[in-house]
Amino acid sequence: MAENIYELKDVSYSWVDGRPALDGVSLAIPSGKRVAIIGANGSGKSTLLTLLDGLAFAKAGSLTAFGAALDAKALGRPDLQRAFRRRVGYVFQNSDAQLFCPTIREDLEFGPLQLDVAEGEVARRVEAISRRLGLGDLLERPPHELSVGEKKKAALASTFTLETEVLLLDEPTAGIDPQTMRDLVDLLQEAHAGGRTIVFATHDLHLVEELADEVHVFGRDHRLARSGTPEEILTDHAFLLAQNLVHIHVHRHAHGVHQHEHGHAIAPVKKVPARRKKGKRG
Amino acid sequence: MDNGRAEYSPLSRVSMTTPSDFIARTLARLARYLKESVAGDRYASLAGWLQRTDPRSKLGAAAVLMAALLLTHDPRILAGGYLLIVLAAVSTRVPLGFFLGRTAPFIPLFTFLFTAPAATGWVTPGPAFWKASLFGVEGSLTYSGLESVARVVLRVLDAVSLVALLGLTTRQHVLLATLRSLRVSAIFVMVLGMTWRYLFVLLDLVEATHRAIRSRVGWVASGRIGRRLVAGGMGTLWMKSYRLQAQVYDAMVSRGYDGDLKSRRGPPVGARGVALLAICLGLLGGVLWLKTSMN
Ligand SMILES: Nc1ncnc2c1ncn2[C@@H]1O[C@H](COP(=O)(O)OP(=O)(O)OP(=O)(O)O)[C@@H](O)[C@H]1O
Ligand SMILES: [Mg+2]
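From first to last, the protein sequence lines stand for chains A and B.
According to our numbering, the first sequence is numbered sequentially starting from 1.
According to our numbering, the second sequence is numbered sequentially starting from 1.
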């Protein structure tokens, strides 16, 4: 499968004039791949995902999705807009924005109902995903009663019920516990096995190691600093340190103080062990 | 019980004495009050007969009874109606004290204070019930005046109790969904629901902001500095809520919302719902019959 879902050429974007959030970014997202976007806070990860979901449009450069320009003109056409929404799902970094219905169940139903999925099928999807992510007890509760991690789970589920071929995930593991992390990784691996394309922004290098086929690193200058495989990028500690992705940690031991990089420790990358807990990175 | 979060808030725990703390304390109180009002949902999740009745039929029944109230002039019938509502509340597991506390004291009392002058002979002339003279000014309470005050107060009491009973036995979001299924403009109901939903997000933000200020500058001793911090916090809050609104809209569009909201069809009303509606229609019929046969 050589075809690309997204192609970006010199894409720039700014929320506020004169202050770029993305600057001259060129990259391609190949169909069926798992692509990680990493970078310091404010480097433009969420902005990139917003553009990929067609919620904002490149101010300079060109962005194509599924072989056609993704711009205000294309998405202004109701038929193209709908077709696009059926193919791309987005989990927002802020779960409070994503859960806007009175109950979690209604949030899970919202997407497929808008896209005219039959009610029986909607119910089946809600049932299936709640079982997978253990949402059973939460379904009838209002979002404001949930913890941060529970909200994240529900937000993920509300996008999964769309069953789109492309999944854009903004910090999918923020705030969730190790077991849920496990379920989520399994779910994403299944989605991948089913041929879906996954783009995720994260600060969790373990997730990158475990899940990604390709990694794009954004610098604090909002430009693409580097692209490569997880092996290439995660073993380059000097580079990660310069990008704020790991930090120097000072330890105090009985015999004195020593200093080393802290964050991610894979010397040669070994392939994913079957059951690994989310590591400590702090 | 309530979700307890407001209880753990340092804002509501620490005793506050400086003037600038007054703002924080007021906000915290407001937050707590609003959060507790959700706890009203606890009676809505009990297994009483009204709780298990279809919300559409309850809404319909309430509307029919409202119409009956407006058509009834006789205070004795209105009082009987109040008894019925209280009975309904008790029989559906809402504790009597709680129900009376929510409905009885304030609103009818205010109504009484505002309408009381109508009981006097100056406003409503007629046969006097009680006469007095003070410094040579003659005053009287008339039968017809008392009756019209009783009518208004009882009507308000009945209406408030009816709405409270509906609210207490139906979960907030179900009520909203019901309005929607009754073809009340979907977007209107959605906005109503979201307002409710994001009130909590904003309240949490208010609390978190104050906690952050407090933990950074410690005890806010000077009223002036305190006010400036609060004002700054409010500015940020406004920006945050503005951004949140934009994000919520994006999240809706991202999942296929195109200006035409689609929602699920509800299940059928059920025998209990039909029966309730029939009884209430019967009451309305009775009121109408009384009205025509008395004229
Ligand atoms: N809605 C907005 N309005 C104004 N500026 C924004 C908005 N969203 C993002 N920005 C700015 O754009 C830049 C990129 O932000 P973005 O949210 O894409 O970063 P990020 O890499 O996702 O960061 P994080 O790791 O904190 O999530 C930042 O400088 C930010 O201040
Ligand atoms: Mg982000």
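Don't be surprised by glycine CBs; every beta carbon is placed ideally from N, CA and C.
For residue i, which of the options has the nearest alpha-carbon?
i                     : options                    : result
residue 82 (chain B)  : B:143, B:103, B:58, B:54   : B:103
residue 161 (chain B) : B:115, B:99, B:135         : B:99
residue 145 (chain A) : B:156, B:121, B:201, B:159 : B:201
residue 103 (chain A) : A:220, A:168, A:140, A:113 : A:140
residue 285 (chain B) : B:65, B:56, B:89, B:60     : B:65
residue 94 (chain B)  : B:244, B:165, B:178        : B:165
residue 285 (chain A) : A:80, A:211, A:158, A:176  : Nothing can be reported for residue 285 (chain A), as the shown portion of chain A is limited to 1 through 282.
residue 53 (chain A)  : A:180, A:165, A:40         : A:165
residue 215 (chain A) : A:131, A:36, A:137         : A:36
residue 175 (chain A) : A:150, A:183, A:195, A:182 : A:150
residue 143 (chain B) : B:271, B:48, B:171, B:124  : B:124
residue 112 (chain A) : A:125, A:204, A:227        : A:125
residue 163 (chain A) : A:207, A:136, A:181, A:115 : A:115
residue 5 (chain A)   : A:221, A:58, A:56, A:70    : A:70
residue 24 (chain A)  : A:170, A:218, A:179        : A:218
What did DSSP end up calling residue i once you bin it into helix, strand or coil?
i                     : result
residue 21 (chain A)  : strand
residue 296 (chain A) : In the structure displayed, chain A extends from 1 to 282; residue 296 (chain A) sits before or after that span and is not available.
residue 221 (chain B) : Residue confidence is low: residue 221 (chain B) scores 46 on pLDDT, short of 50, so the model does not pin down where it sits. Its coordinate-derived value is still stated next. Coil, per DSSP.
residue 230 (chain A) : helix
residue 186 (chain A) : helix
residue 248 (chain B) : helix
residue 90 (chain A)  : strand
residue 73 (chain A)  : helix
residue 111 (chain B) : helix
residue 196 (chain A) : coil
residue 55 (chain B)  : helix
residue 130 (chain B) : strand
residue 140 (chain A) : coil
residue 16 (chain A)  : strand
residue 170 (chain B) : coil
residue 39 (chain B)  : Caution is warranted here: a pLDDT of 49 is assigned to residue 39 (chain B), below 50, making its placement in the model unreliable, and no coordinate value can be reported.
residue 112 (chain A) : helix
residue 10 (chain A)  : strand
residue 212 (chain A) : coil
residue 26 (chain A)  : strand
residue 94 (chain B)  : coil
residue 34 (chain A)  : strand
residue 201 (chain A) : strand
residue 135 (chain B) : coil
residue 160 (chain A) : helix
residue 3 (chain B)   : Bear in mind that a pLDDT of 40 at residue 3 (chain B), under 50, signals an unreliable position, so the number given afterwards is only what the model happens to contain. Residue 3 (chain B): coil per DSSP, three-state reduction.
residue 87 (chain B)  : helix
residue 220 (chain A) : coil
residue 175 (chain A) : coil
residue 247 (chain A) : strand
So with CB distances below 7 Å, who are the chain E contacts of residue i?
i                     : result
residue 179 (chain B) : Going by chain labels, chain E is absent from the structure shown, which instead holds the protein chains A and B.
Just mark residue i as buried or exposed, buried being the case when its beta carbon has 16 or more other beta carbons within 10 Å.
i                     : result
residue 43 (chain B)  : buried
residue 247 (chain A) : exposed
residue 160 (chain A) : buried
residue 153 (chain A) : buried
residue 68 (chain B)  : buried
residue 157 (chain A) : buried
residue 271 (chain A) : A caution first: residue 271 (chain A) carries a pLDDT of 45, below 50, which makes its placement in the model too unreliable to give a value.
residue 73 (chain A)  : exposed
residue 294 (chain B) : exposed
residue 92 (chain A)  : buried
residue 209 (chain A) : buried
residue 110 (chain B) : exposed
residue 119 (chain A) : exposed
residue 142 (chain A) : buried
residue 18 (chain A)  : exposed
residue 291 (chain B) : exposed
residue 90 (chain A)  : buried
residue 127 (chain B) : exposed
residue 91 (chain B)  : exposed
residue 140 (chain B) : buried
residue 155 (chain B) : buried
Quiz item: Do three or more CB pairs link the stretch 7-17 of chain A to the stretch 174-192 of chain A at distances below 8 Å?
Solution: no
Quiz item: Is there contact here, the stretch 250-264 of chain B with the stretch 52-63 of chain B, by at least three beta-carbon pairs under 8 Å?
Solution: no
Quiz item: Using 8 Å as the Cβ pair cut-off and three pairs as the minimum, do the stretch 193-201 of chain A and the stretch 34-49 of chain A touch?
Solution: yes
Quiz prompt | Within 5 Å of ligand 1: residues by beta-carbon to any heavy atom | solution = Chain-ordered list of matching residues: A:15, A:21, A:41, A:42, A:43, A:44, A:45, A:46, A:47.
Quiz item: Counting pairs of beta carbons, one from the stretch 220-233 of chain A and one from the stretch 61-79 of chain A, are three or more of them closer than 8 Å?
Solution: Output reads no: the stretch 61-79 of chain A does not touch the stretch 220-233 of chain A.
Exercise. For the stretch 83-96 of chain A and the stretch 271-285 of chain B, state whether three or more C-beta atom pairs, one from each stretch, are separated by less than 8 Å.
Key: no
Quiz item: Hey, is the stretch 55-62 of chain B in contact with the stretch 119-137 of chain B, meaning 3+ C-beta pairs nearer than 8 Å?
Solution: no
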